[in-house]
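> From first to last, the protein sequence lines are chains A and B.
Note that the first sequence covers residues -10 to 278 in my numbering.
Note that the second sequence covers residues 567 to 826 in my numbering.
Yeah, the Cβ is synthetic: ideal placement off N, Cα and C, and Gly gets one too.
Since we're looking at a predicted model, the values are computed, not measured.
Have a look at this one before I ask anything.
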Amino acid sequence: MNAGISDIRPVETGQASTFIEFEEASITYGRGAKAVQALAPTSLKIAEGEFVALVGPSGCGKSTILKMVGELLKPSTGHVFVAGREIGATPIRIGMAYQNPTLLPWLNIRDNVMLPLKIVPPFRQGYRSKRKGEYRDRVEALLAQVGLAGFGDKFPWQLSGGMMQRANLCRALIHDPDLLLLDEPFGALDQFTREELWAIMQDLWLSKKLTVLLVTHDLKEAAYLADRICVMSARPGRILDDSPVALARPRTIDMTFEPDFVALNQRLRAMIVGARGGTGIVNHAPGAA
Amino acid sequence: MERVSEIIREKGASTALIIGVFVFWELFCLMAGISDILLPRPTQIIAALIQYWPAIWPHTWQTLYTTIVGFGIGVVIGLLLGILIGSSKLAYDTAYPLLVGFSSIPKVAVVPIFVLWYGAGTVPAILTAMIICIFPIVVNVATGIATVEPELEDVMKTLKASKTDILWNVSLPRAMPYFFAALKVAITLAFVGSVVAETVASNRGIGNMMMIASSSFNVPLVFAGLFVLAGLGVTLYVLFSLIERRVTGWAHRKTDVASA
């Protein structure tokens, strides 16, 4: 955990302060001849309260960026600062949700969601005395917010995939994180459940105003949820494009059919197809569905 | 009602099989005219059990005692070693080859060494029972702990959970089904260990009783000893199965799916 000297960065004064900053950070796996650069030196700034989506071809280092911000990986070169401090020494609270909900099968939904309160300070102090009262109410309120009211006593295996993913989101948010990291959280869900969860995610974000970093391969999802979309190249990953999403909030599914949204989607798609090295032309056999 | 009849059908079949085996055994011996010196009939064995019960009882108690004590110590050591090996890659890579080598030694072969150190009697039986049940517990617990989903570990790490937090909240509960599966194997192995040690070097216990009975050609008593061992083994197995159901019911959920 000791990052050695953790330089304190001057917090920039502007309309929004920089919350996450990548400074020529790169990641190389392996050594010598077998070394593979997963992420080329990358610089990136994310403001506090911003919702940023990372999209790109598979294996482009999207998740690597997420892991660095979550302090699970250290950059091979360069620096990553979160809340003004080099990672490893940041005092912030982080929530994380993967595509795999990883709920603990031996705990009911309420206890699963409560898990961070058992671990993260300052909640862990007094956990035993508060878990039946204050914390329970807190969990129930959050469950209700994602449409899981009354499901606290159920076990994960009694829930559908979409419900498990809602519970997973609750677990990532119960401890009031400053930063939420999402790695393709809705990737395994069907189209309609996914759209439902986008709306829930947007509501949660609008009500909590925390910084969110979302990794996804669904361009519609990125455009629906994010303030800003970063498109990455194939390995070794670089940020090819970084553009704001100028759509009003709250966004709705209907908006995804409007020309602005469709145009944005097409532009992103063309960029990713280019990044994969493809032509972008899909051959449809005549008459094929 | 459907469930009740299903249980009766399930249990009924296995009970019928057990009874059938004994009936076949009885009839086979009778019809083939096999002497009770070679293979006593079940009825003769049960008669011997009743006749010699006052003499068998202390031996049963002794075997049960050495087995449980050896098993208990083995479980504690196995659990601790399993946690250590399962939670550290370094410990896993370092200790595993030694453990495999150690476990491939036939445990009968170490009984004379224990006798050399502690003399014939209770201690070698306890140690043999202990040593024989450590390995399955270590391997199972280590597997349960080492196979925690990496995503879950990431989630815990981003919460800045300490190693003990992860162990108590995730790894250990997750390893419990593996642990109980190992306990059921280990308890039957522990009987093997204690009985082998008693047979080789002890003046008490079922193993010793069977040795003496066979040297005086009291074959029904030898078989009565086997019956007692089987009874003890089954009882403890069932006991651990019941505890397992209570503690790790979540891992056996398919038997009663609640309507969600």
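When we look at the beta-carbon of I98(A) and count the other beta-carbons within 10 Å, is it buried (16 or more) or exposed?
If you number the first sequence from 1, residue 98(A) lands on position 109. With 16 or more Cβ atoms within 10 Å of its Cβ, I98(A) is classed as buried.
> Which complete beta strand (DSSP E) runs does the segment 590 to 623 of chain B hold, if anything under 3 residues is left out?
Qualifying beta strand (DSSP E) stretches: none in this window.
> Terminal residues of the continuous alpha helix (DSSP H) containing T694(B)?
For the purposes of this step, residue 694(B) is identified with residue 128 of the second sequence, where counting begins at 1. Segment 688 to 712, the alpha helix (DSSP H) holding T694(B).
> Counting along the chain, where does the beta strand (DSSP E) carrying C219(A) start and finish?
Stepping through the first sequence from its first residue, residue 219(A) is reached at position 230. From DSSP, the beta strand (DSSP E) with C219(A) extends over 217 to 221.
> Could you work out which residues of chain A lie near E715(B), taking near to mean beta carbons separated by less than 7 Å?
As a working note, residue 715(B) is residue 149 in the second sequence. Ordered by position in chain A, the residues that pass the 7 Å Cβ test against E715(B) are N89, T91.
> Since W95(A) meets chain B, which of its residues come closer than 7 Å, beta carbon to beta carbon?
Locating residue 95(A) in the first sequence gives position 106, where the first residue counts as 1. Near W95(A) (Cβ distances below 7 Å), the residues of chain B are P739, W816.
> Grab me the residues of S65(A)'s own chain with a C-beta within less than 6 Å of its C-beta, minus the 5 sequence neighbours each way, in chain order.
Here residue 65(A) refers to the residue found at position 76 when the first sequence is read from its first residue. Cβ within range, chain order: S15, I16, T17.
> For P624(B), collect the residues of the same chain with a Cβ closer than 8 Å to its Cβ; drop the 5 residues on either side in sequence, then sort them by chain order.
For the purposes of this step, residue 624(B) is taken as the residue at position 58 of the second sequence. Result list for P624(B): R770, in chain order.
> Here's the rule I'm using: 16 or more other beta-carbon atoms within 10 Å means buried, otherwise exposed. How should I584(B) be labelled?
Within the second sequence, residue 584(B) is the residue found at index 18, counting from 1. Exposed, since its Cβ has fewer than 16 Cβ neighbours within 10 Å.
> Report, in whole angstroms, the separation of the C-beta atoms of G773(B) and T629(B), which I expect to be a contact under 8 Å.
Indexing the second sequence from 1 puts residue 773(B) at position 207. Indexing the second sequence from 1 puts residue 629(B) at position 63. Confirmed, about 7 Å.
> Cα separation between I612(B) and F588(B)?
Locating residue 612(B) in the second sequence gives position 46, where the first residue counts as 1. Locating residue 588(B) in the second sequence gives position 22, where the first residue counts as 1. So the alpha carbons of these two residues sit roughly 12 Å apart.
> Within a Cβ cutoff of 7 Å, which residues of the same chain sit near K107(A), ignoring the five residues on either side of it in sequence?
Along the first sequence, read from residue 1 onward, the residue named residue 107(A) stands at position 118. Closer than 7 Å at Cβ, skipping near neighbours: R113, Y116.
> Taking 7 Å as the CB-CB limit, is L718(B) close to chain A?
Along the second sequence, one-based indexing puts residue 718(B) at 152. Closer than 7 Å to some Cβ of chain A, the Cβ of L718(B) qualifies, so yes.
> Using the Cβ count rule (16 or more neighbours within 10 Å means buried), how would you classify S781(B)?
As a working mapping, residue 781(B) is identified with position 215 in the second sequence. S781(B) should be labelled exposed.
> Can you find a CB in chain B that lies within less than 7 Å of the CB of G73(A)?
In the first sequence, the residue the question calls residue 73(A) occupies position 84. Judged by the 7 Å Cβ criterion, G73(A) is not in contact with chain B.
> Does P239(A) have its Cβ less than 7 Å from a Cβ in chain B?
Within the first sequence, residue 239(A) is the residue found at index 250, counting from 1. Not closer than 7 Å to any Cβ of chain B, the Cβ of P239(A) fails to qualify, so no.
> Between K729(B) and chain A, is the shortest Cβ-Cβ distance under 7 Å, so that the two count as touching?
In the second sequence, counting from the first residue as 1, residue 729(B) sits at position 163. So, not an interface residue.
> Please say whether G45(A) and A27(A) have beta carbons closer to each other than 7 Å?
To locate residue 27(A), count along the first sequence from 1; it is residue 38. To locate residue 45(A), count along the first sequence from 1; it is residue 56. Not a contact, by the Cβ cut-off of 7 Å.
> Tell me which residues of the segment 790 to 803 of chain B have at least one Cβ-Cβ distance to chain D shorter than 9 Å, keeping chain order.
Here the protein chains are A and B, and chain D is not one of them.
> Which residues, in order along the segment 103 to 125 of chain A, keep a beta-carbon less than 8 Å from a beta-carbon of chain B?
Those residues of the segment 103 to 125 of chain A that come within reach of chain B (Cβ to Cβ, closer than 8 Å) are L104, P105, K107, I108, V109.
> For R811(B), which residues from the same chain have a beta carbon less than 6 Å from its beta carbon, with the 5 sequence-adjacent residues on both sides left out?
Position 245 of the second sequence, counted from the first residue, corresponds to residue 811(B). Result list for R811(B): empty, nothing under 6 Å.
> By Cβ distance, which residues of its chain are closer than 6 Å to G276(A), with the 5 residues on each side in sequence left out?
Counting from 1 along the first sequence, the entry for residue 276(A) is found at position 287. For G276(A), the predicted model reports a pLDDT of 43, less than 50, meaning its position is unreliable; a value from the coordinates is still stated below. Nothing meets the Cβ criterion.
> Can you tell me whether P(-1)(A) is buried or exposed? The criterion is at least 16 other CB atoms within 10 Å of its CB, across all chains shown.
On the first sequence, position 10 is the one that residue -1(A) refers to. Low confidence applies to P(-1)(A): its pLDDT is 46, below 50, so where it sits in the model is not reliable, and the reading given next is rough at best. By the neighbour-count rule (16 or more Cβ atoms within 10 Å), P(-1)(A) is not buried but exposed.
> Taking only three categories from DSSP, how would you classify N(-9)(A)?
Counting from one through the first sequence, the residue named residue -9(A) turns up at place 2. For N(-9)(A), the predicted structure reports a pLDDT of 42, less than 50, and the residue's modelled location is therefore unreliable. The matter cannot be settled from this model.
> Give me the Cα-Cα distance between M(-10)(A) and I692(B), rounded to the nearest whole angstrom.
Here residue -10(A) is taken as the residue at index 1 of the first sequence, counted from 1. Here residue 692(B) is taken as the residue at index 126 of the second sequence, counted from 1. Residue placement at M(-10)(A) cannot be trusted, given a pLDDT of 41 that sits under 50; the coordinates are not used to answer.
> My output table needs one value for S654(B): the three-state DSSP class, helix, strand or coil.
The residue labelled residue 654(B) in the question sits at position 88 within the second sequence. S654(B): coil per DSSP, three-state reduction.
> To which residues of the same chain is F680(B) closer than 6 Å at the C-beta, ignoring the five residues directly before and after it?
The residue labelled residue 680(B) in the question sits at position 114 within the second sequence. Around F680(B): P690, L693.
> Residues in the same chain with beta-carbon distance under 6 Å from I732(B), minus the five sequence neighbours each way, listed in chain order, please.
For the purposes of this step, residue 732(B) is taken as the residue at position 166 of the second sequence. So the list reads M722, once near-sequence residues are dropped.
> Which bits of chain A does K655(B) rub up against, with CB to CB less than 7 Å?
Residue 655(B) sits at position 89 when you count from the first residue of the second sequence. Near K655(B) there are no residues of chain A at all, since even the closest Cβ is about 16 Å away, more than 7 Å.
> Near M775(B), which residues of its chain fall below 6 Å by C-beta distance, leaving aside the five closest residues on each side in sequence?
Counted from its first residue, the second sequence places residue 775(B) at position 209. Closer than 6 Å at the Cβ level, and outside the excluded window around M775(B), lie H625, G791.
> Quick one: give me the first and last residue of the beta strand (DSSP E) that A727(B) is part of.
Reading the second sequence from its first residue, position 161 is the one you call residue 727(B). Per DSSP, A727(B) belongs to no beta strand (DSSP E) and is neither H nor E.
> May I ask you to report which of helix, strand or coil DSSP gives V674(B)?
As a position in the second sequence, residue 674(B) is number 108, starting the count at 1. Of the three classes helix, strand and coil, the one that applies to V674(B) here is helix, per DSSP.
> Near Q610(B), which residues of its chain fall below 7 Å by C-beta distance, leaving aside the five closest residues on each side in sequence?
Along the second sequence, read from residue 1 onward, the residue named residue 610(B) stands at position 44. Counting only Cβ-Cβ distances below 7 Å, and skipping sequence neighbours, we find D602, P786.
> Could you tell me which of M260(A), F11(A), F250(A), V128(A) sits nearest to E75(A), measuring between CA atoms?
Translated into positions along the first sequence, residue 75(A) becomes position 86. Residue F11(A) is the option with its Cα nearest to E75(A).
> How is E60(A) classed by DSSP in three states: helix, strand or coil?
Translated into positions along the first sequence, residue 60(A) becomes position 71. If DSSP states are grouped into helix, strand and coil, E60(A) belongs with coil.
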